[in-house]
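Contents: one structure, followed by commentary.
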């Protein structure tokens, strides 16, 4: 018996829209996801311990652990922007027409 293949559907560019979230929520989730990824890359690139990253970011080591483990539900967009700024990242918001 031949296995049925499902059609490949092109992504909208925002996985959260593709998963069925309302556009306004999907936009925020996408931003949170991108900033969390950038922060995790920063910690890895700098070879920081969780304790040192916590010191730089001004949070507890357990918060850095949550960040590294991808516990996105524990971080608001505002908090992630604050952490990214403390890490020396420049954050900007652009509106598409």
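Numbering (my numbering), first residue to last: 24 to 120.
Even for Gly, the Cβ is constructed at its ideal location relative to N, Cα and C.
The structure presented is a predicted model; accordingly, all values stated were derived computationally and were not measured.
Q. Is residue 103 near residue 58, with beta carbons less than 8 Å apart?
A. yes
Q: Determine the closest residue to residue 54 out of 43, 65, 26 and 36, with distance taken between C-alpha atoms.
A: Of the listed residues, the one whose Cα sits closest to residue 54 is 36.
Q) In whole angstroms, what separates the C-alpha of residue 44 from that of residue 34? A) 14 Å
Q: Please name the residue in 65, 50 and 72 whose C-alpha comes closest to that of residue 84.
A: 72
Q: Give me the Cα-Cα distance between residue 63 and residue 96, rounded to the nearest whole angstrom.
A: Looking at the two C-alpha atoms, the distance is approximately 15 Å.
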